[in-house]
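Position one of the sequence shown corresponds to residue 706 (this note's numbering), numbered consecutively onward.
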Amino acid sequence: MSALRRILLEQPRPAAEAHFVARTRSQYLGQGTVLCQVLGNLKLFAIGEDVGFTPHMLFEGYWEYWLTRHFAQAIRPGDTVIDIGANLGYYTLLAADLVGEGGRVVAIEPNPEVFRRLASSIAVNGFTGRTEARNIALAAPGESGSRRFFIPAGEPKNGRFIAPGEDPAWLAAHGTLSEVKLGELNLHEFQSVDFIKIDVEGAELAVLAHLGPILERFRPKVVCEVNFARGYGWDDVVAAFGTDALKFLDYDSSVKPLTRAMVETRQCGEDWLVCVDLAEVATDKTSPDDPDAVRGVAA
C-alpha cells in the first residue's frame, strides 16, 4: 500500500489534513507559474493568477478531501483510470500514485495553458511511464475539428465551451477565448478501464455519449460532476448513464443514493458528484434466467 493511500484510508480526516498542511511547500518560478508540494510529496505546477484552486495548493496541499479520499477507496493498484477535465493535474497525480507502476492513467485537458503545466507535473513526479496527457476536448458524436473555449479570469479550472448565442464582448471582458482541438478516446486503445472522473463544466452529456462504447465494454466506476441547472435534467442524466441507479458522493466520502426528488427540490443549481458503478449496475440488472437481459448500460 502506498504511503498516500494509507494516510487517506487509515487516518481520520483531521489527521490526514494536518499531515498534508504540514508538508506543503511552494516556490514561485516566474512567468506566472508556482511549484507546489501537495498531498505530502507530490509536485504540482500551478498558475499564480488562479484564485480558485492555487491558494489551496499553496496553503493546504489538498483539494476536495471527500473526493480525494474516494479516489483512494475506489482505485486499486494496476487499475486504468481516465481523468476527463484534468485541469492542472491534481487528480491525475493522485490517480498515478494510486495505480502504481502497473497501472495506467489517461488525462484529458483542452486548455493549452493549463495543459502545459499538467504535462510538466506528470514529468516532474516521474509518472510519464504510466500517465499520458492529451491536449484535447472529447468530441460529441459526429463532431470533429475544434471548438471555441472560454477561460474565466482567475478560474482556469472552470473553462468551458462557448454556448451558441453568448455575447463575445462579455466573454472577452471576463476571461480569455481560445480554440481547442477535439479528439477521441478509442475503445480499442484500452485493455481495461476501471475508473473515470468527469469534470467538464456543462459538457457532461456529450462526454458520456462519447464514452458509450468504453462504458458498455468495461463497466467502470464513474464519478461525474453534474449540475442540473446547466440545461439538462434528471431524465437526461439517467439516459446518458443507461441506469437510474445513480448515487452521489457526500462530503464525508460516503456514496449515497440519489433520486429525482433530491435534485429537483434540493440544491438544484449546485454541483453533485454523481457516482455510478456500472459493474454493480450490470450485476443488479442481469437476470439469471435471462442471459439477454439489459445490463444497465445503453448500447
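Beta carbons are placed, not taken as given, at the ideal position from N, Cα and C, and that holds for glycine.
Values in this document were obtained by computation on a predicted structure and should not be read as measured data.
**OP:** Quick one: give me the first and last residue of the beta strand (DSSP E) that S851 is part of.
**Re:** Here the beta strand (DSSP E) through S851 covers S851 to P857.
**OP:** Could you check the C-alpha separation between S707 and G745 for me, to the nearest Å?
**Re:** Pairing S707 with G745, the inter-Cα distance amounts to about 12 Å.
Original post:
Alpha carbon to alpha carbon, how far is F933 from V786?
Top reply: Their Cα atoms are separated by approximately 26 Å.
Original post:
Whole-angstrom Cβ separation of L887 and I919, contact assumed at under 8 Å?
Top reply: With 8 Å as the limit, L887 and I919 do not qualify as a contact, their Cβ atoms being about 17 Å apart.
Original post:
Who pairs with L843 in a beta bridge, going by DSSP?
Top reply: Beta-bridge partners assigned by DSSP to L843: G888.
**OP:** Closer than 7 Å by C-beta to K862: which residues in its own chain qualify, once you throw out the five before and the five after it? Chain order, please.
**Re:** G757, F758 and N792.
**OP:** Give the secondary structure of Y733 by DSSP, where H, G and I count as helix, E and B as strand, and everything else as coil.
**Re:** In the structure shown, the three-state DSSP call for Y733 is strand.
Original post:
Residue ranges of each beta strand (DSSP E) run of no fewer than 3 residues wholly in the segment 760-811, ordered along the chain?
Top reply: You should have 785-789.
**OP:** Could you have a look at N932 and say whether DSSP puts it in helix, strand or coil?
**Re:** Assignment of N932 by DSSP, reduced to helix, strand and coil, places it in the strand class.
Original post:
Per DSSP, what kind of secondary structure is S897 in: helix, strand or coil?
Top reply: In the structure shown, S897 sits in coil (DSSP, three-state: anything other than H, G, I, E or B).
**OP:** Take every Cβ of the segment 889-907, pair it with every Cβ of the segment 863-877, and state whether three or more of those distances are shorter than 8 Å.
**Re:** Yes, the segment 889-907 is in contact with the segment 863-877.
Subject >> I813 - DSSP class collapsed to helix/strand/coil >> reply: If DSSP states are grouped into helix, strand and coil, I813 belongs with the strands.
Subject >> Pairwise C-alpha distance: A721 and L713 >> reply: CA-to-CA, the gap between L713 and A721 works out to about 6 Å.
Original post:
Start and end of the alpha helix (DSSP H) containing D697?
Top reply: Because residue 697 is not part of the residues shown, which for the chain are 706 to 1004, the question remains open.
Subject >> C-alpha gap between A998 and A914, whole angstroms >> reply: Unreliable positioning characterises A998 in this predicted model, as indicated by a pLDDT of 40, which lies under 50. The coordinate reading is nonetheless provided below. Those two C-alpha atoms are separated by around 22 Å.
Original post:
Relative to the C-alpha of F923, which residue among Y937, A911 and L892 is closest?
Top reply: The option with the nearest alpha carbon to F923 is L892.
Subject >> Between the CA atoms of F953 and F946 - distance to the nearest angstrom >> reply: So the alpha carbons of these two residues sit roughly 14 Å apart.
**OP:** Could you have a look at A998 and say whether DSSP puts it in helix, strand or coil?
**Re:** For A998, the pLDDT reaches just 40, beneath the cut-off of 50, and the residue's location in the model is therefore unreliable, leaving the point undetermined.
Subject >> Within the segment 943-976, ranges of the beta strand (DSSP E) (whole runs, at least 3 residues) >> reply: As for any beta strand (DSSP E) of minimum length 3 sitting wholly inside the segment 943-976, the runs are 952-954 and 960-962, ordered along the chain.
Original post:
When DSSP labels each residue in this structure, what does R821 get in the three-state scheme?
Top reply: Helix.
Original post:
Residues in its own chain within less than 7 Å of T833 by CB, not counting five upstream and five downstream?
Top reply: Excluding residues up to 5 positions away in sequence, I827 lie with their Cβ nearer than 7 Å to the Cβ of T833 in the same chain.
Original post:
Regarding E806 and the ligand SAM, is the C-beta to nearest heavy atom distance less than 7 Å?
Top reply: The ligand SAM is absent from the structure shown, which contains no ligands of any kind.
Original post:
Measuring CA to CA, which of W977, A987 and A984 is closest to W771?
Top reply: Residue W977 is the option with its Cα nearest to W771.
Original post:
With DSSP run on the structure shown, which of helix, strand or coil describes L714?
Top reply: Reduced to three states, the DSSP call for L714 is helix.
Original post:
So, using beta-carbon positions, are V739 and L763 closer together than 8 Å?
Top reply: For V739 and L763, yes; Cβs fall inside 8 Å.
Subject >> R730 beta carbon less than 8 Å from that of Q742 >> reply: Pairing Q742 with R730 gives a Cβ-Cβ distance under 8 Å.
Original post:
For G808, is the classification buried or exposed, using 16 other Cβ atoms within 10 angstroms of its Cβ as the cut-off for buried?
Top reply: Per the 10 Å Cβ criterion, buried.
Subject >> Option nearest F750 by Cα separation, candidates I841, V829 and I780 >> reply: Nearest option by C-alpha distance: V829.
**OP:** For my contact list, G885 and S851 are in at a C-beta cut-off of 8 Å; report their separation, rounded to the angstrom.
**Re:** In the sequence under discussion, the amino acid at residue 885 is Val, which differs from the Gly named in the question. Going by Cβ atoms, the distance from V885 to S851 rounds to 6 Å, so yes, they are a contact pair.
Original post:
What does R865 pair with, by DSSP beta-bridge criteria?
Top reply: Beta-bridge pairing by DSSP links R865 to F855.
**OP:** Mark L734 as exposed unless 16 or more other C-beta atoms lie within 10 angstroms of its C-beta, in which case mark it buried.
**Re:** Exposure of L734 is indicated by the presence of fewer than 16 other C-beta atoms within 10 angstroms of its C-beta.
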